[in-house]
Amino acid sequence: MKNAKFLQRAGAFALALTMALSLAGCGQAASGSSQAASSAPVSSAAASSEAASSQAQGPIQLTDQAGRQVELEEPAQSLVSCYYITTYATLALGVSDRVVGLEKKAETRPVYQMADPALLKKPQLGTLKEFDVEAAAALEPDLVLMPVKLMDYVDALTELGIPVLVVDPEDQDRLEEMLTLIGQACGVEDRAQSLIDYYYEQENRMAQLTEGQERPLVYMGGNSSYLETATNAMYQGSLIQLAGGQNAAGELEGDYWTEISYESLLAMAPEVIILPSAASYTVEDVLNDAQLAGVPAVEEGRVYQMPGQVEEWDSPVPSGILGALWLTSTLHPESYSQEEFVVDAQDFYREFYGFELDAQLLTA
Amino acid sequence: MKREKSAMLMGAACGLLLALCAVSLCVGSFPLSLSQIGEILQGGLAGEMPARVFWTLRVPRTAVGLLAGLGLGLAGGVYQTVFRNPLASPDLTGVASGASLGAACAIVLGSGGTLAMMAGAFGAGLASLVLVLALVRAARMEHTVTYVLAGVIVSSAADAALMTMKVLADPERELAAIEFWTMGSLAAVTASKLAMLAPAVALPFSLLLLFRRQTAILSLGDETARSLGLEPRRWRAVLLGLTTLMVAALVSVTGVIAFVGLIAPHIAFRLLGRRAGPYLFLCALTGADLLLAADLLARSLSPGAELPLSIFTVLFAVPVLIALLCGRREGGDEDA
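Protein chains in written order, with the numbering used here: chain A, 114 to 477; chain B, 8 to 343.
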């Protein structure tokens, strides 16, 4: 009786072990076969399109902004971009025609219609919360540009043999690094470098224009409420600095949007209030708020909204330098006028994005 | 009569499961025709994208859905039997809350990488069980109610800590990741995750099925259990340990999938009429059916989008719970 029970138990245990091992083996075999398979098509692609690449010699090796090693046999000719900032980057680097799939809600970004309307017809694959790996695989891209937020999906793509470049453009330095990486991956490093050179050129120019002038106290409101502001450690903080202003919230600690009270805002007494381009409230809302009547910016009507009819210049986008230029013309109109700014903006978009910007959009 | 009915039910549940698995393998954004799938299953198209998508995405996704459903269903059945409580679910020991906290910590305090999240979720899930057992020992009262209360305490503590993590999290990048993780999804499943998950689930699963006699005896009460030669405290710890191991491993890969462990045992009981015989098997099969059906909806309702799994499992759960409520009013006093 006991023996039979023991045998039964042992047999069942052995069965369980076998089941577990075979399921694990199935998983390993699947990933093993896919890895072996992934190296085959890449080398055949390299052999056939050697003539196409002119700038890159041999395999391209990059370290992306998540510290991962990315290797490409030759510059990527087809891209999937899951993030509006990387799609903007493809426009700025002149490789938007290589984009075969982009992020959802692309029709809400005005610059696509202006710079490359063909983008709006491409399949839309994901948001910043989730990503359709199978649809991306169906497009067979050479490279997927992915924000750090979607890191979960990186393994799924690399196991399919699709290279992924993870980016994290949180501030100006990281933005420039991202542009360099994408430039290298697509074989357009020169273009990326000239864009970055332009940034430095304009930064120096603004420093010279505003030299020795008084720095007005500037308060940058948040997207959802003007009782939310940017600290100095953030991109928006450095934007104010660059444009010859001083962040009214300069003493706040932390590196993210900080909630404050009416009292704090009154105590800061900013001379200028700036609304981000995607603010859910308007300049009128701020001017009409009775509790802000004592703020110098409201008293003098110096409340402005960052133009957003083209791109979101108050966030780390490739054309973010225009946000700094706009802010300079707003804070120091005697040194750098609105008209000069419009001309510079048109020059920028003509040279880097390849389209003629309608001046009306900026002067309205 | 009973035996025939049981056999039929098991057969139907298995058949439904096989059908759902087959459909699950055929549904997805990547265009894979039935003939292509047939070819791939015979080893053809090796190395090409269709085959790669099939073996690294479709098959693991279906397999993990299957494992998750089987595991959660069985865990729910075991808990409802042992604790004689129709609201008992695998989350009784706070495993889901603990695992959510572990994942949130990995996202906010750590690197937020996949491995870190999985390790954090798994470790924290097990830690919540250890805490529950410690609390029960400290209470010195070996009652099923004690376990339930201890579980509530640990869950609440974990939820509060999770709230703190959410406040600390960067709303732009980390908060959305935490929220999406707590809703459950099979979207990011790959073959390597399946390889890690399979032994962690299959082993406790088989052992729990092996121990179904002990589970049934425990449901008769501590005194009866002792008189039949079973040490209730030790066996409760063993059963809880095995289920928590299984559920923590699952949750660390898929995120928190709500209600499957609660509903599957109820459906199984309604169909079978008793909590004996093939009850636990039916719980597992029903759980797998529910989960695969929910996953099919999550994938196909909005083309190109992946909706969280928990939305659909709750959608299935509500009518079942209503039926349970009405059933009790009609004089059904099924549980002690």
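From the three backbone atoms N, C-alpha and C, an ideal C-beta is built for every residue, glycine too.
CB contact check: residue i to chain B, cutoff 8 Å
i	result
residue 272 of chain A	yes
residue 248 of chain A	yes
residue 160 of chain A	Confidence at residue 160 of chain A is low in this model, with a pLDDT of 36, below 50, so the placement of that residue should be treated as unreliable; the coordinate-derived value is given next. Chain B contact via Cβ: absent.
residue 234 of chain A	no
residue 392 of chain A	no
residue 243 of chain A	yes
residue 227 of chain A	no
residue 253 of chain A	yes
residue 218 of chain A	no
residue 269 of chain A	yes
residue 197 of chain A	no
residue 264 of chain A	yes
residue 369 of chain A	yes
Cβ-based burial, residue i [other Cβ within 10 Å; buried from 16]
i	result
residue 467 of chain A	exposed
residue 15 of chain B	exposed
residue 338 of chain B	In this prediction, residue 338 of chain B scores a pLDDT of 46, lower than 50, which makes its location untrustworthy; no coordinate-derived value is stated.
residue 326 of chain A	exposed
residue 333 of chain B	exposed
residue 163 of chain A	In this predicted model, residue 163 of chain A has a pLDDT of only 36, less than 50, meaning its place in the structure is not dependable; the value taken from the coordinates is given anyway. The residue in question, residue 163 of chain A, is exposed, as its Cβ has fewer than 16 Cβ neighbours within 10 Å.
residue 174 of chain B	exposed
residue 181 of chain B	buried
residue 151 of chain A	With a pLDDT of only 38 at residue 151 of chain A, under 50, the local geometry of the prediction cannot be trusted, and no value is derived from it.
residue 180 of chain A	exposed
residue 485 of chain A	For residue 485 of chain A there is no data in the structure shown, the boundaries of chain A being 114 and 477.
residue 436 of chain A	buried
residue 235 of chain A	buried
residue 360 of chain A	buried
residue 40 of chain B	exposed
residue 48 of chain B	exposed
residue 279 of chain B	buried
residue 87 of chain B	buried
residue 265 of chain A	buried
residue 390 of chain B	Residue 390 of chain B lies beyond the residue range present for chain B, which begins at 8 and ends at 343; the question has no answer from this structure.
Residue-level contact to chain A via CB, residue i, 8 Å cutoff
i	result
residue 35 of chain B	yes
residue 56 of chain B	yes
residue 199 of chain B	yes
residue 59 of chain B	yes
residue 189 of chain B	no
residue 38 of chain B	yes
residue 238 of chain B	no
residue 177 of chain B	yes
residue 251 of chain B	no
residue 64 of chain B	yes
residue 88 of chain B	no
Cβ-Cβ separation, residue j to residue i (assumed contact under 8 Å), whole Å
i	j	result
residue 84 of chain B	residue 286 of chain B	6 Å
residue 258 of chain A	residue 278 of chain A	5 Å
residue 139 of chain B	residue 101 of chain B	7 Å
residue 327 of chain B	residue 274 of chain B	6 Å
residue 319 of chain B	residue 301 of chain B	4 Å
residue 79 of chain B	residue 257 of chain B	7 Å
residue 221 of chain B	residue 188 of chain B	No, residue 221 of chain B and residue 188 of chain B are not in contact; Cβ-Cβ is about 34 Å, not under 8 Å.
residue 240 of chain B	residue 149 of chain B	6 Å
residue 113 of chain B	residue 127 of chain B	4 Å
residue 195 of chain A	residue 238 of chain A	6 Å
residue 392 of chain A	residue 336 of chain A	6 Å
residue 178 of chain A	residue 290 of chain A	6 Å
residue 254 of chain B	residue 72 of chain B	About 15 Å; that fails the 8 Å criterion.
residue 247 of chain A	residue 37 of chain B	4 Å
residue 19 of chain B	residue 293 of chain B	That belief does not hold up - the Cβ atoms of residue 19 of chain B and residue 293 of chain B are roughly 10 Å apart, past 8 Å.
Residue i - partner residues in DSSP beta bridges
i	result
residue 214 of chain A	A:193
residue 260 of chain A	A:280
residue 129 of chain B	DSSP lists no partner for residue 129 of chain B.
residue 173 of chain A	A:185
residue 332 of chain A	A:386
residue 237 of chain A	A:215
residue 244 of chain A	A:239
Proximity test, residue i beta-carbon vs the ligand PLP heavy atom, cut-off 7 Å
i	result
residue 77 of chain B	In terms of ligand content, the structure shown is empty, and the ligand PLP therefore cannot be addressed.
(message) Suppose only complete runs of 4+ residues qualify. What are the alpha helix (DSSP H) ranges in the region 337 to 409 of chain A, listed by chain order?
(response) Counting whole runs of 4 or more residues, the region 337 to 409 of chain A contains the alpha helix (DSSP H) stretches 348 to 355, 375 to 381, 396 to 401.
(request) Please list the segments of the alpha helix (DSSP H) lying wholly inside the region 410 to 473 of chain A, counting only runs of 4 or more residues, in order along the chain. (result) Qualifying alpha helix (DSSP H) stretches, in chain order: 433 to 444, 451 to 461.
(request) Counting only runs of 4+ residues fully inside the region 171 to 211 of chain B, write out the alpha helix (DSSP H) ranges in chain order. (result) 181 to 188, all fully within the region 171 to 211 of chain B.
(request) Tell me the start and end of each unbroken beta strand (DSSP E) in the region 214 to 241 of chain B that is at least 3 residues and wholly inside, in chain order. (result) Scanning the region 214 to 241 of chain B from its first residue to its last, no whole beta strand (DSSP E) run of 3-plus residues comes out.
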